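-5 is the number of the first residue of the sequence shown in the numbering used here; add one for each residue after it. To start, the structure under review is shown below, and the notes come after it.
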Amino acid sequence: MNDPVINRRRLLRVGAGACAGMLLFDQGGARAASAPFVSRRIAVTTRGQGRDVLLIPGLASGPGLWSDVLDKIPGCRWHLVHVRGFAGLAPDANASGPLIQPIADEIARYVRTAGLVRPAVVGHSMGGTLAMMLGLKAVAARIMVVDMLPAGAAMVGGTARGMGYLAGQLSQYFTGTKAGRAYLAQILAEAPGARGSDPDVIANALRDLANVDLGPQLGRIGAPMEVVYAVGSDPAQSAQIGRTFRAAYAAKKDVKLAPIGPSGHVVMEDQPARFAAALKQFLIR
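So this is what it looks like as structure tokens:
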């Protein structure tokens, strides 16, 4: 197992992927409605039968992120969200402009179009941000956030106010210069599950994430919420991570915080059995 500090540095290069760049310069509902869902921002595939569960991967990742989980938990109808521009899917409408809020709106539209009634929503990293935004729209029965703080910039110790402007400058660097595009393409080529991601879409996502802070709104989320977060093998570091997550989610009074480790940012990859057990328990509550 790699040292969790190193794994979290991988997050900084990719995951909230955001963030390497910043540091250097990230019960089942009704069945499908008659109208098919067509979107220029996301694609959704379904697998299995049973309770409806939306799975939203993180920055630059595709549905393959959840591969080790699906067969371990029977009785679910999984709705696998794939953001256009991530992991080999053409960007389409995500090629330019704002990204995070339009994607949250589009996932909510999918829930309505598919005839789902308050599904469970699970999101990793950027997907966790989207899951909380769906909670604010009151479309989720329960929410699991995997290794993400309410403020995207907080994943690297910053704030939306402090890093928002820098994120905009970085986005222009990554998309508007030859050197920036080459550097971001190299990061994506080396990141697990990120191959085929569009650099422009990633840069725009990083900019948006750095400007998102859902902390003040957490009290408005009525659905039960669980936050799984990665910890390492060092007790002092793990305790500090726990304090950070408790403080960040304090406004959500009934939130359940669940550390899993030793792990880096991609908890379901580092600890698949423990993550699957946590997810199964979350879904049967």
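We put the beta carbon where it would ideally sit given N, CA and C, even for glycine. Since this is a predicted model, take the numbers as computed values, not measurements.
Considering only the beta carbon of each residue, do residue i and residue j sit closer than 9 Å?
i: Val54; j: Ala244; result: As written in the sequence, residue 54 is Ala, which differs from the Val given in the question. No. Outside cutoff.
i: Met142; j: Val75; result: no
i: Met149; j: Phe276; result: no
i: Ile50; j: Val105; result: no
i: Gly146; j: Ala204; result: yes
i: Gln127; j: Leu208; result: Checking the sequence shown, residue 127 turns out to be Met, not Gln. Yes, they are a contact pair.
i: Ala224; j: Ser257; result: yes
i: Ser61; j: His259; result: no
i: Leu59; j: Gly42; result: no
i: Ala134; j: Ala125; result: yes
i: Val38; j: Ala108; result: yes
i: Met359; j: Val140; result: The chain is shown from -5 up to 279; residue 359 falls before or after that span and cannot be answered.
i: Gln228; j: Ala89; result: What sits at residue 228 in the sequence shown is Asp, not Gln. Their beta carbons are not under 9 Å apart, which means Asp228 does not touch Ala89 by this criterion.
Report the partner residues of residue i according to the DSSP bridge assignment.
i: Lys250; result: Glu220
i: Ile101; result: According to DSSP, Ile101 bridges with nothing at all.
i: Ala295; result: There is simply no residue 295 to check, as the chain begins at -5 and stops at 279 in what is shown.
i: Val140; result: His118 and Val222
Following the continuous alpha helix (DSSP H) through residue i, name the residue where it begins and the one where it ends.
i: Leu212; result: Looking at the DSSP string, Leu212 is not in any alpha helix (DSSP H), and its letter there is neither H nor E.
i: Ile196; result: Pro193 to Asn205
i: Val111; result: Premise fails: Val111 is in no alpha helix (DSSP H) and is neither H nor E.
i: Arg237; result: Pro229 to Ala242
i: Arg268; result: Pro266 to Ile278
i: Leu124; result: Met120 to Leu130
So the beta strand (DSSP E) residue i belongs to, where does it begin and stop?
i: Asp46; result: Arg45 to Ile50
i: Ala134; result: Per DSSP, Ala134 belongs to no beta strand (DSSP E) and is neither H nor E.
i: Ala37; result: Ile36 to Arg41
**Study point:** Sufficient close CB pairs (3 or more, under 8 Å) joining the stretch 79 to 88 to the stretch 190 to 204
**Key:** yes
**Study point:** Within the stretch 47 to 84, ranges of the alpha helix (DSSP H) (whole runs, at least 4 residues)
**Key:** 61 to 64
**Study point:** Meets three-Cβ-pair contact criterion under 8 Å: the stretch 62 to 71 and the stretch 93 to 105
**Key:** no
Exercise for review: Kindly confirm or deny that the stretch 203 to 218 and the stretch 231 to 247 touch, where touching means at least three C-beta pairs closer than 8 Å.
Suggested key: yes
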